[in-house]
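Numbering-wise, this note's numbering puts 257 at position 180 of the sequence shown, and it's gapless, one number per residue. The block underneath contains the structure these notes are about, expressed in structure tokens.
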Amino acid sequence: MFAVAAVGVMALGAGGWIYRDQLSSLATGQVDTQARMRQVLQASKEDPSQANLLTTKNGGVMLETPSVRIWLDQHTGQLIQLSRPTSFFASHPLKPGSVHELKSESQAEAAMSLFLKEAGVEMEAYDFTQSQTLEGEASRQVVMGFERKIFVARFEESKSDKRYVSAGLRKGNIVMDAATGLVLKYNSNAIPPAAPWGETISEQRAVEIAQEVWRGSGANFDPRQV
Numbered sequence: 078m079f080a081v082a083a084v085g086v087m088a089l090g091a092g093g094w095i096y097r098d099q100l101s102s103l104a105t106g107q108v109d110t111q112a113r114m115r116q117v118l119q120a121s122k123e124d125p126s127q128a129n130l131l132t133t134k135n136g137g138v139m140l141e142t143p144s145v146r147i148w149l150d151q152h153t154g155q156l157i158q159l160s161r162p163t164s165f166f167a168s169h170p171l172k173p174g175s176v177h178e179l180k181s182e183s184q185a186e187a188a189m190s191l192f193l194k195e196a197g198v199e200m201e202a203y204d205f206t207q208s209q210t211l212e213g214e215a216s217r218q219v220v221m222g223f224e225r226k227i228f229v230a231r232f233e234e235s236k237s238d239k240r241y242v243s244a245g246l247r248k249g250n251i252v253m254d255a256a257t258g259l260v261l262k263y264n265s266n267a268i269p270p271a272a273p274w275g276e277t278i279s280e281q282r283a284v285e286i287a288q289e290v291w292r293g294s295g296a297n298f299d300p301r302q303v
């Protein structure tokens with residue numbers, strides 16, 4: 078019943094979900110993007126002093142070095158994207174017979190978790206899904222045409238407060254390099270600042286609104302489905 082009621086509430090704009098395009102007006106205080114960039118650089122095993130080279134473009138804070146490319150959300154400082162340019166792979170060639178830093182998916186997931194923590198990617202709880210190990214041609218399609226053993230996983234946030242849905246939950250992907258133990262790729266969505274929760278109408282009224290919207294849509298209405 079609540080799911081249908083929520084449809085009615087959302088249809089009338091009374092829901093508590095805040096969307097990405099409202100970030101600018103809702104962000105409070107000034108985010109120290111240079112400090113955030115230093116944090117991400119350290120988590121990526123890069124020189125944090127390079128943070129003073131960042132630039133601002135299209136609502137994002139960017140940094141590009143011969144070893145890493147990083148994109149932060151300008152309003153919140155959240156890490157949105159990280160990748161490695163071709164020059165990184167040229168300076169980290171695979172050596173025959175060398176021992177890999179990461180030998181299993183469980184080790185890779187532990188390294189991913191450490192990166193998320195050190196890079197300041199805030200989540201109440203999360204799970205890794207779609208984890209896989211890629212080598213050969215399959216890895217070339219992921220990392221700039223270079224063949225390397227890599228670990229790929231998707232992470233999805235969960236919250237104890239079930240009112241957080243869609244844009245309110247973080248999700249993304251991480252690619253780890255088996256040889257060096259470094260993050261090769263990262264991407265995720267920016268999470269809007271949470272708005273104050275407050276009951277604007279009773280659940281019964283929400284049901285009534287949902288019924289009105291349903292009837293007004295011209296669809297077949299069956300009260301037993303509410």
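Glycine included, C-beta positions come from ideal geometry on N, C-alpha and C. A quick note: this is a predicted structure, and the numbers were derived from the prediction, not measured.
Quick one: residues in its chain with C-beta nearer than 7 Å to the C-beta of Gly136, no 5 flanking neighbours on either side, listed in chain order?
Gln151
On the criterion of 16 or more Cβ atoms from any shown chain inside 10 Å, does Gly304 qualify as buried, or is it exposed?
Past the edges of the chain, shown from 78 to 303, lies residue 304, and the structure says nothing about it.
I need the DSSP call for Ser190, collapsed to helix, strand or coil.
helix
Residues sharing a beta bridge with Asp238, DSSP
According to DSSP, which records beta bridges pairwise, Asp238 is partnered with nothing at all.
Going by C-alpha to C-alpha distance, which of Val252, Leu259, Phe205 sits closest to Glu234?
Phe205
Candidates Gly154, Asp254, Gly293: closest to Arg225 by CA position
Asp254
Would you call the CB atoms of Val260 and Ile251 closer than 8 Å?
yes
Length of the line joining the Cα atoms of Thr133 and Met139:
6 Å
How would you write the range of the alpha helix (DSSP H) that Met114 sits in, first residue to last?
110-120
At which residues does the beta strand (DSSP E) containing Ile157 begin and terminate?
156-160
Nearest residue (CA-CA) to Gln158, options Ser168, Leu118, Ser216
Leu118
Extent of the continuous beta strand (DSSP E) run through Arg146:
146-150
Under the three-state DSSP convention, the category Arg292 falls into
helix
Consult DSSP for Glu233 and reduce its assignment to one of helix, strand or coil.
strand
Spatial neighbours of Pro143 within its chain, please: CB distance less than 6 Å, with the 5 preceding and 5 following residues excluded, ordered by chain position.
Ser164
May I have the straight-line CA-CA distance separating Thr257 from Arg231, to the nearest angstrom?
20 Å
Whole angstroms are fine: how far does the CA of Phe166 sit from the CA of Thr153?
31 Å
CB of Ala128 within 8 Å of CB of Gln155, strictly:
no
Going by Cα to Cα distance, which pick from Asn266, Gln184, Val242 is closest to Ile227?
Gln184
Would you mind working out which of Ala202, Gly197, Ala283, Lys180 sits nearest Ser121, comparing C-alpha positions?
Gly197
Glu201 - DSSP class collapsed to helix/strand/coil:
coil
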